[in-house]
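Everything on this sheet refers to the single structure shown next.
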Amino acid sequence: MVQDETNRDPLFRYDDPVFEDEELLEISHVPGPDRIVGRDEHMSKVANALNPAIFGSEPSHVFIFGKTGTGKSLISRSVSERVVAEADRDDVIVEYVFVDCGEQDTETAIVKTIGQAVNDPDRTGVSIPDRGLGTADYYKRLWTAVDACTDVVIVILDEIDMLQDDEVLRKLSRAGENRSLSSSKVGIIGISNKIDFPDELSERVKSSLSRDELVFPPYDATQLSEILEKRQDAFREGVLTDDVIPLTAALAAQEHGDARKAIDILRNAGRIAKKENAEQVTEDHVRAGKEKAEADRFSELIQGAPTQAKAILYALTTLTDKNDRQEFTTKVIYSVYESVADELDMAVLSERRVQELLKEQDFLNVIQSERKGRGRGKGQIGKHRLLEDSAIVRKVLLRDSRLKELA
Ligand SMILES: Nc1ncnc2c1ncn2[C@@H]1O[C@H](COP(=O)(O)OP(=O)(O)O)[C@@H](O)[C@H]1O
Ligand SMILES: [Mg+2]
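Rendered as structure tokens:
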């Protein structure tokens with residue numbers, strides 16, 4: 002047995018022929034400012050709102066809107082990190098907490114998450130347990146922790162439109178005013194993929210929550226290329242062929258300029274090349290990487306959906322395949338859904354319920370629904386279309402144990 006001087010077991014690989022530093026392509030990775038492209042103006046607006054925090058004063062609240070992959074989470078994190086560092090130079094303690102409201106969607110869960118992130122039990126003498134406290138007690142401990150452990154806490158509420166109710170927003174934004182906190186301050190960055198989200202906020206919150214609002218536009222293909230170029234040291238030298246980055250950027254720019262998709266495609270392409278023991282990443286790897294990125298996105302979106310919703314989407318997929326047009330009314334979808342449900346021996350839901358489930362899937366960005374009013378009091382008629390390629394949608398849907406037999 003030949004062994005090198007490190008005495009490693011030769012059964013395993015330690016060298017990575019494709020990636021030099023794959024972490025640079027993780028979505029949650031926060032790259033340094035020199036790798037951030039085309040967001041100077043947005044960064045300075047966020048920085049402006051948070052600026053008071055570096056003196057221990059109350060920052061302005063900011064709401065950020067924009068489609069997926071326009072850098073909302075990245076810019077929020079990056080600017081918050083810089084505020085924390087800048088404040089620290091003058092011994093002002095700023096902390097920031099990133100909360101994904103898609104996962105933490107109840108008031109208690111959010112309050113607990115922030116509390117646990119901020120709390121230092123040695124300082125406060127209290128712990129914040131995973132369960133067992135009522136909402137009011139979690140709040141009490143949150144305020145104790147914030148007052149004892151920080152001067153300012155910046156709360157980033159990502160996907161804030163997923164919140165079940167606005168109460169937590171109201172309490173956090175009024176913490177100072179209501180004397181929940183004696184000396185420390187709270188700043189909120191609310192992030193939403195829904196451009197019209199403020200319309201859905203309750204009046205009470207809208208009037209109590211003064212805030213700056215920012216819209217992040219999609220990137221163009223040139224910006225996407227630049228974003229990818231600044232991450233190409235994720236790969237070993239010479240591994241990326243010349244066409245890889247321009248093609249990836251062009252593919253990601255197709256629907257809307259989505260940097261998440263661009264980075265996902267590039268990472269997938271590298272992983273696929275590595276699996277094939279290829280020496281270089283090529284155009285074919287990029288195309289395969291795009292397909293995988295789309296299937297992954299879609300299965301993530303749809304994972305938790307009830308089987309009935311999947312049966313409805315299956316009906317929409319069938320329609321999309323059989324027709325030239327892409328948009329279908331609830332009524333048309335319903336008639337195909339009835340036969341799908343029949344074939345699967347499932348209960349057939351009412352048309353109204355199907356309409357509701359379609360609306361939910363629209364909200365979750367699985368499909369896109371258009372509502373056109375038919376005059377006052379007449380309700381609304383919806384047309385629905387898939388947002389992903391129907392072949393991909395079908396593949397993902399057929400992974401469900403109940404839908405499998407449709408294959
Ligand atoms: N302006 C940018 N410069 C460099 N990378 C970016 C930029 N905008 C987004 N990205 C990268 O694209 C991915 C998606 O960005 P993210 O902030 O999660 O988008 P959003 O929150 O708007 O959906 C992340 O990996 C992020 O690092
Ligand atoms: Mg995000």
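The working numbering puts the first residue of the sequence shown at 2, with every later residue one more than the last. Beta carbons: idealized from backbone N, C-alpha and C, even for Gly.
Within the continuous beta strand (DSSP E) that includes ILE65, where are the two ends? As a working mapping, residue 65 is identified with position 64 in the sequence shown. For ILE65, the uninterrupted beta strand (DSSP E) segment begins and ends at 62 to 67.
Where does the unbroken alpha helix (DSSP H) through SER300 begin, and where does it stop? The residue labelled residue 300 in the question sits at position 299 within the sequence shown. Where SER300 is concerned, the enclosing alpha helix (DSSP H) starts and stops at 284 to 303.
Starting from the Cα of ASP159, find the closest Cα among PHE64, GLU357, ALA289, SER391 and give me that residue. Mapped onto the sequence shown, residue 159 falls at position 158. Taking the Cα of ASP159 as reference, the smallest distance to any Cα among PHE64, GLU357, ALA289, SER391 is reached at PHE64.
Could you give the DSSP three-state label for ARG142: helix, strand or coil? Counted from its first residue, the sequence shown places residue 142 at position 141. Three-state result, ARG142: helix.
Tell me the DSSP secondary structure of VAL397 in three-state form. The residue given as residue 397 occupies position 396 in the sequence shown. In the three-state reduction of the DSSP assignment, VAL397 falls in the helix class, which pools H, G and I.
Given 8 Å, three or more beta-carbon pairs between the region 9 to 28 and the region 223 to 243: Result yes; three or more Cβ-Cβ pairs closer than 8 Å.
Closest to ALA270 by CA distance: which of ASP259, ASN8, LEU248, LEU210 is it? Start at 1 with the first residue of the sequence shown, and residue 270 comes out as number 269. Of the listed residues, the one whose Cα sits closest to ALA270 is LEU248.
Contact test: SER74 Cβ vs ligand 2 heavy atom, cutoff 7 Å: Within the sequence shown, the letter at position 73 stands for residue 74. The answer is yes for SER74.
LEU314 to LEU134, Cα distance in whole Å? Residue mapping note: residue 314 aligns to position 313 of the sequence shown, counting from 1. Residue mapping note: residue 134 aligns to position 133 of the sequence shown, counting from 1. In this structure, the alpha-carbon of LEU314 lies about 40 Å from that of LEU134.
Can you check which of these residues, ASN366, SER370, GLN309, is closest to GLN327 by C-alpha distance? Here residue 327 is taken as the residue at index 326 of the sequence shown, counted from 1. A check of alpha carbon separations from GLN327 across ASN366, SER370, GLN309 identifies SER370 as the nearest.
Quick one: Cα of ASN52 to Cα of ILE155, how far? As a first step, residue 52 is located in the sequence shown; it is residue number 51 there, counting from the start. As a first step, residue 155 is located in the sequence shown; it is residue number 154 there, counting from the start. Roughly 11 Å separates the two Cα atoms.
What's the C-alpha gap between GLY116 and TRP144? Within the sequence shown, numbered from 1, the residue matching residue 116 stands at position 115. Within the sequence shown, numbered from 1, the residue matching residue 144 stands at position 143. In a straight line, the C-alpha of GLY116 is about 8 Å away from that of TRP144.
Have a look at ASP390 and ASP131 and give me their C-alpha separation to the nearest angstrom. As a working note, residue 390 is residue 389 in the sequence shown. As a working note, residue 131 is residue 130 in the sequence shown. The alpha-carbon atoms of ASP390 and ASP131 are separated by roughly 41 Å.
Same chain, Cβ closer than 6 Å to ALA176, five either side skipped, listed in chain order: If you number the sequence shown from 1, residue 176 lands on position 175. Only residues of its own chain outside the window of five on either side were considered, and among them LEU182, VAL187 have a CB closer than 6 Å to the CB of ALA176, listed in chain order.
C-alpha distance - SER193 paired with LEU12, whole-angstrom precision: Mapped onto the sequence shown, residue 193 falls at position 192. Mapped onto the sequence shown, residue 12 falls at position 11. Whole-angstrom Cα-Cα distance: 47 Å.
3-residue-minimum beta strand (DSSP E) runs that sit fully inside the region 4 to 74, ordered along the chain: Scanning the region 4 to 74 from its first residue to its last, the whole beta strand (DSSP E) runs of 3-plus residues come out as 62 to 67.
Which listed residue (SER351, ASP35, GLY290) has its alpha carbon closest to that of LEU267: Along the sequence shown, read from residue 1 onward, the residue named residue 267 stands at position 266. Of the candidates SER351, ASP35, GLY290, GLY290 places its Cα closest to the Cα of LEU267.
Hey, would you say the C-beta of THR145 is under 7 Å away from at least one heavy atom of ligand 1? Walking along the sequence shown from the start, residue 145 turns up at place 144. Exclusion of THR145 from the 7 Å shell around ligand 1 follows from its C-beta lying no nearer than that to any non-hydrogen atom of the ligand.
Could you give the DSSP three-state label for LEU182: helix, strand or coil? Within the sequence shown, numbered from 1, the residue matching residue 182 stands at position 181. Collapsing the DSSP output to three states places LEU182 in coil.
Is PRO32 close to ligand 3? I mean its beta-carbon at under 7 Å from any heavy atom of the ligand. Ligands present in the displayed structure are limited to ligand 1 and ligand 2, and ligand 3 is not among them.
Short check: CB of HIS62 to CB of ARG212, under 8 Å? Numbered from its first residue, the sequence shown carries residue 62 at position 61. Numbered from its first residue, the sequence shown carries residue 212 at position 211. By the CB criterion at 8 Å, HIS62 and ARG212 fall inside the cutoff.
Where does THR330 sit, in a helix, a strand or coil, going by DSSP? Indexing the sequence shown from 1 puts residue 330 at position 329. Strand at THR330.
Any idea which residues DSSP pairs GLY191 with across the strands? Against the sequence shown, residue 191 aligns to sequence position 190. According to DSSP, GLY191 bridges with PHE64, LEU158.
I'd like the list of long-range same chain contacts for LYS195, defined as Cβ closer than 6 Å, with 5 residues on each side in sequence excluded. As a first step, residue 195 must be located in the sequence shown, where it is residue number 194. If we look at LYS195 and ignore the five residues flanking it on each side, its Cβ neighbours are ASP162.
Proximal residues to SER79 (C-beta, below 6 Å), its chain only, five neighbours per side dropped: Residue mapping note: residue 79 aligns to position 78 of the sequence shown, counting from 1. Excluding residues within five positions, the ones whose Cβ falls inside 6 Å are VAL31.
Anyone know if the C-beta pair for VAL341 and ALA310 falls short of 8 Å? Locating residue 341 in the sequence shown gives position 340, counting from the first residue. Locating residue 310 in the sequence shown gives position 309, counting from the first residue. Not in contact: VAL341 and ALA310 (Cβ atoms no closer than 8 Å).
Whole angstroms are fine: how far does the CA of TYR140 sit from the CA of GLN255? One-based indexing of the sequence shown puts residue 255 at position 254. One-based indexing of the sequence shown puts residue 140 at position 139. Using only the alpha carbons, I get a separation of about 45 Å.
Taking just the CA atoms, how far does SER74 sit from GLY67? One-based indexing of the sequence shown puts residue 67 at position 66. One-based indexing of the sequence shown puts residue 74 at position 73. Between GLY67 and SER74, the C-alpha separation is close to 11 Å.
So for GLN369, helix, strand or coil by DSSP? On the sequence shown, residue 369 is found 368 positions in, with the first residue counted as 1. Strand at GLN369.
Within the continuous beta strand (DSSP E) that includes ARG171, where are the two ends? Here the question's residue 171 lines up with position 170 in the sequence shown. Run containing ARG171: none in the beta strand (DSSP E); it sits in the alpha helix (DSSP H), 168 to 174.
Of all the options ILE190, ALA137, GLU227, SER351, which has the alpha carbon lying nearest to the alpha carbon of LEU215? One-based indexing of the sequence shown puts residue 215 at position 214. Comparing Cα-Cα distances from LEU215 to each of ILE190, ALA137, GLU227, SER351, the minimum goes to ILE190.
Closest Cα partner of GLU284 within the set LEU26, THR242, ALA260: Here residue 284 refers to the residue found at position 283 of the sequence shown. Comparing C-alpha distances from GLU284 to each of LEU26, THR242, ALA260 shows the shortest one belongs to THR242.
Is the Cβ-Cβ distance between GLY383 and THR331 less than 8 Å? Numbered from its first residue, the sequence shown carries residue 383 at position 382. Numbered from its first residue, the sequence shown carries residue 331 at position 330. Yes. Within cutoff.
Between GLN165 and the rest of its own chain, which residues show a CB-CB distance below 8 Å, the 5 nearest in sequence each way excluded? In the sequence shown, residue 165 corresponds to position 164, counting from 1. Excluding residues up to 5 positions away in sequence, ASP106, THR107, GLU108 lie with their Cβ nearer than 8 Å to the Cβ of GLN165 in the same chain.
Cut-off 7 Å between Cβ atoms - residues of its own chain near SER184, not counting five sequence neighbours on either side: Numbered from 1 along the sequence shown, position 183 holds the residue referred to as residue 184. If we look at SER184 and ignore the five residues flanking it on each side, its Cβ neighbours are ASP148.
Could you give the DSSP three-state label for LYS276: helix, strand or coil? Your numbering for residue 276 matches position 275 in the sequence shown. DSSP places LYS276 in helix when its eight states are reduced to three.
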